[in-house]
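In this text, residue positions in the sequence shown follow the UniProt record's numbering: the first is 1, and each later residue adds one.
Note that the Cβ used here is the ideal one computed from N, Cα and C, for glycine as well.
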Amino acid sequence: MDHPDRSVRGPVVAAALPASAPRALRRCRAGAFCTKRLHLPSAASGVAVFAATGRRVARRRARRAATVREEAQGAAPAELSHATRVVAISDTHGFHRRFPRLPEGDAWRVESMWKSWAFGTVARPSSCGVWIASARRASDLLIHCGDAQGNSGSDLADFVEWFRQQDFKHKIFVRGNHEKGREWKDRLGAVYLRGATHCGKLKLFGIPYQPDGFMQMAYSKQIPEQLDLLVTHEPPHKMLDYAWASSFRQEHIGSKTLKSALGRLAHKSRINKRRLSPRVHLFGHVHEGRGKLEKNGTLFLNVSNANPGMARTLQHPCVVLDIATDGSGDVRVVSM
Numbered sequence: 001m002d003h004p005d006r007s008v009r010g011p012v013v014a015a016a017l018p019a020s021a022p023r024a025l026r027r028c029r030a031g032a033f034c035t036k037r038l039h040l041p042s043a044a045s046g047v048a049v050f051a052a053t054g055r056r057v058a059r060r061r062a063r064r065a066a067t068v069r070e071e072a073q074g075a076a077p078a079e080l081s082h083a084t085r086v087v088a089i090s091d092t093h094g095f096h097r098r099f100p101r102l103p104e105g106d107a108w109r110v111e112s113m114w115k116s117w118a119f120g121t122v123a124r125p126s127s128c129g130v131w132i133a134s135a136r137r138a139s140d141l142l143i144h145c146g147d148a149q150g151n152s153g154s155d156l157a158d159f160v161e162w163f164r165q166q167d168f169k170h171k172i173f174v175r176g177n178h179e180k181g182r183e184w185k186d187r188l189g190a191v192y193l194r195g196a197t198h199c200g201k202l203k204l205f206g207i208p209y210q211p212d213g214f215m216q217m218a219y220s221k222q223i224p225e226q227l228d229l230l231v232t233h234e235p236p237h238k239m240l241d242y243a244w245a246s247s248f249r250q251e252h253i254g255s256k257t258l259k260s261a262l263g264r265l266a267h268k269s270r271i272n273k274r275r276l277s278p279r280v281h282l283f284g285h286v287h288e289g290r291g292k293l294e295k296n297g298t299l300f301l302n303v304s305n306a307n308p309g310m311a312r313t314l315q316h317p318c319v320v321l322d323i324a325t326d327g328s329g330d331v332r333v334v335s336m
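Next up, the structure:
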C-alpha cells in the first residue's frame with residue numbers, strides 16, 4: 001500500500017491495511033476517525049531496534065553465565081602484584097584438626113576435595129563436595145575470629161598446639177564468646193589481639209567479644225581511621241548477622257554499637273572525601289551469615305566455618321584474600 005506522505009489521517013478502512021501496519025491501526029473499525037499521525041514504514045525499523053536490543057541482552061546474559069561457570073570451576077581472580085595474602089577462619093568449635101590443610105607454603109593450588117574424604121569421616125568420597133581454599137603462593141597472615149572452643153570445654157591445649165604449628169609469617173586470634181577467662185590470652189601470648197597492631201604493611205585493629213555495653217562502646221570508639229583490617233568476633237548489626245537456624249530466635253543479632261562506630265567513620269569519609277573506614281572487616285559468630293558484603297567502601301566478610309545452628313562439623317573452607325600494599329586500595333577475594 002503506497003502512502004506518499006508516509007502517514008495516514010482521517011477515515012481508515014481496516015481491510016485495506018497491510019499486515020505490517022501497527023496493531024492499533026489494524027484494529028480500527030471501518031469509518032473510524034484516527035487523529036494520531038502514524039508512520040507505517042517506521043514499524044519495520046521498530047522491529048529491528050527491538051531485535052537488536054534482544055541480541056544485546058542475550059550476549060550480556062551469555063557473558064554473565066560464562067563468568068558464573070568459571071567461578072564454579074574454581075577460576076581464581078588475577079593476583080595482585082604487591083599484596084599481603086590473608087587466610088581467615090572462625091567458629092571452628094574444636095574441629096580445627098578437621099581442616100585437611102590450611103593454605104600455606106608455595107606449593108598450594110586450588111583443588112576440589114570431597115567433604116567426607118577430606119574430613120576423614122568416610123573412606124569412600126561419595127557425599128557432597130567442598131572446595132578446600134588454597135593459595136598459589138606463600139600466605140602471610142592467618143586470622144582466627146574467635147570461637148575456637150568446642151562444646152566439650154577441653155580444647156584449649158589442643159588448639160594452641162595446632163595454631164602454633166601453622167606456618168605463617170603472622171598469626172592473629174580474637175576471642176569469641178566461647179573463650180572464657182584469661183587463660184586463652186595467657187596461653188596464646190602475642191597472637192592474641194586486642195587493640196591495634198601491624199602485620200607487615202597492614203594496619204590491624206582487633207576487638208574481642210563483648211556484649212553491647214560500656215566495654216563494647218569503649219573498644220568501638222578506638223577504631224582507627226584508614227584501617228586495613230578490622231577483626232572482631234561479632235558482626236555489625238544487619239551485616240551478615242541473621243540467625244535463622246536457632247530454635248528460640250530468628251533475628252539479626254549483630255552489634256549495634258559496632259554498627260554505629262563504623263557508620264560514624266563512613267560519614268566522616270563522605271565529608272572529607274577520602275577513605276577513613278576499614279578496607280576489610282573480618283568476623284564470624286553467626287554461622288548462618290557466612291558470605292561477603294560491600295558497603296561504604298568496606299568489604300564485610302563473615303568467615304564462619306561451622307554449620308548453621310549448633311556447631312557439629314566444619315561446613316565451609318577458609319577464606320583467602322589478597323590486600324594490596326602498593327597504595328591502590330585493592331582487595332581481592334581469592335577463594336571463599
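Same chain only: Cβ atoms within 6 Å of residue i, ignoring 5 sequence neighbours per side
i: Gly150; result: His93 and Gly94
i: Pro208; result: Val174, Arg175 and Arg194
i: His144; result: Ile89 and Phe173
i: Glu225; result: Leu276
i: Lys203; result: Leu227 and Asp228
i: Thr257; result: Asp212, Gln216, Met217 and Ser220
i: Ala266; result: Ser277 and Asn296
i: His178; result: Asp147 and Gln149
i: Tyr192; result: Phe173 and Lys185
i: Gly309; result: Ala245
i: Val333; result: Leu321
i: Asp158; result: none
i: His281; result: Leu230, Thr298 and Phe300
Range covered by the alpha helix (DSSP H) that runs through residue i
i: Leu262; result: Lys256 to Asn272
i: Ser220; result: Phe214 to Lys221
Residue burial classification, residue i (beta-carbon count within 10 angstroms, cutoff 16)
i: Pro100; result: exposed
i: Ala196; result: exposed
i: Arg29; result: Unreliable positioning characterises Arg29 in this predicted model, as indicated by a pLDDT of 46, which lies under 50. The coordinate reading is nonetheless provided below. Exposed is the call here.
i: Arg124; result: Confidence is the limiting factor: at Arg124 the pLDDT is only 35, short of 50, which leaves the residue's position unreliable, though a coordinate-based value still follows. Result: exposed.
i: Pro211; result: exposed
i: Ala245; result: exposed
i: Glu251; result: exposed
i: Ala311; result: buried
i: His233; result: buried
i: Asp241; result: buried
i: Ala62; result: exposed
i: Met239; result: buried
i: Asp326; result: exposed
i: Cys318; result: buried
i: Asn307; result: buried
i: Ile271; result: exposed
i: Gly189; result: exposed
i: Phe214; result: exposed
i: His82; result: exposed
i: Arg6; result: In this predicted model, Arg6 has a pLDDT of only 47, less than 50, meaning its place in the structure is not dependable; the value taken from the coordinates is given anyway. That one is exposed.
i: Gly284; result: buried
i: Val57; result: exposed
i: Gly206; result: buried
i: residue 341; result: Nothing about residue 341 can be reported from this structure: the residues present for the chain run from 1 to 336 only.
Residue interval of the beta strand (DSSP E) (run including residue i)
i: Ser84; result: Correcting the residue type first, residue 84 is Thr in the shown sequence and not Ser. Per DSSP, Thr84 belongs to the beta strand (DSSP E) from Ala83 to Ile89.
i: Trp298; result: Per the sequence shown, the amino acid found at residue 298 is Thr instead of Trp. Run containing Thr298: Thr298 to Asn302, per the beta strand (DSSP E) assignment.
i: Gly200; result: It is not in any beta strand (DSSP E) - Gly200 carries neither H nor E in the DSSP assignment.
i: Val331; result: Val331 to Ser335
i: Ile323; result: Val319 to Ala324
i: Leu240; result: Taken as a continuous stretch (DSSP letters only), Leu240 belongs to no beta strand (DSSP E), as it is neither H nor E.
i: Leu230; result: Leu229 to Thr232
i: Glu288; result: Element bounds for Glu288: n/a, residue is neither H nor E.
i: Gln143; result: Here residue 143 is Ile; the residue named in the question, Gln, does not match the sequence. Start and end: Leu141 to His144.
Own chain residues within Cβ distance below 7 Å of residue i, not counting five before or after
i: Asp330; result: Leu80 and Ala324
i: Arg290; result: Asn302, Ser304 and His316
i: Arg59; result: none
i: Leu293; result: Met239, Leu240 and Phe300
i: Leu237; result: Strictly speaking, residue 237 in this sequence is His, with Leu absent from that position. Only His252, Gly254, Ser255, Lys256 and Lys259 meet the Cβ criterion.
i: Ala52; result: none
Chain-order list of residues whose beta-carbon lies under 8 Å from that of residue i (same chain, five-residue window excluded)
i: Arg279; result: Leu227, Asp228, Leu229, Gly297, Thr298, Leu299, Ile323, Gly329 and Val331
i: Leu156; result: Gln149, Glu183, Trp184 and Arg187
i: Ser269; result: Arg275, Leu276, Ser277, Asn296 and Gly297
i: His198; result: Leu204
i: Leu141; result: Thr84, Arg85, Val86, Val87, Phe168, Lys169, His170, Lys171, Ile172, Cys199, Gly200 and Leu202
i: Val286; result: Pro235, Leu240, Asp241, Tyr242, Ala243, Ile253, Gly254, Asn302 and Ser304
Could I get the ranges of all uninterrupted alpha helix (DSSP H) runs contained in the region 160–189, with 4 residues as the minimum, in chain order?
The region 160–189 contains these whole alpha helix (DSSP H) runs: 183–188.
Any contact between the region 286–302 and the region 167–180? By contact I mean 3 or more CB pairs, one from each, below 8 Å.
No, the region 286–302 does not touch the region 167–180.
I want to know whether the region 214–225 touches the region 261–277 - three or more CB-CB distances under 8 Å.
Pairwise C-beta distances place the region 214–225 in contact with the region 261–277, as three or more of them are shorter than 8 Å.
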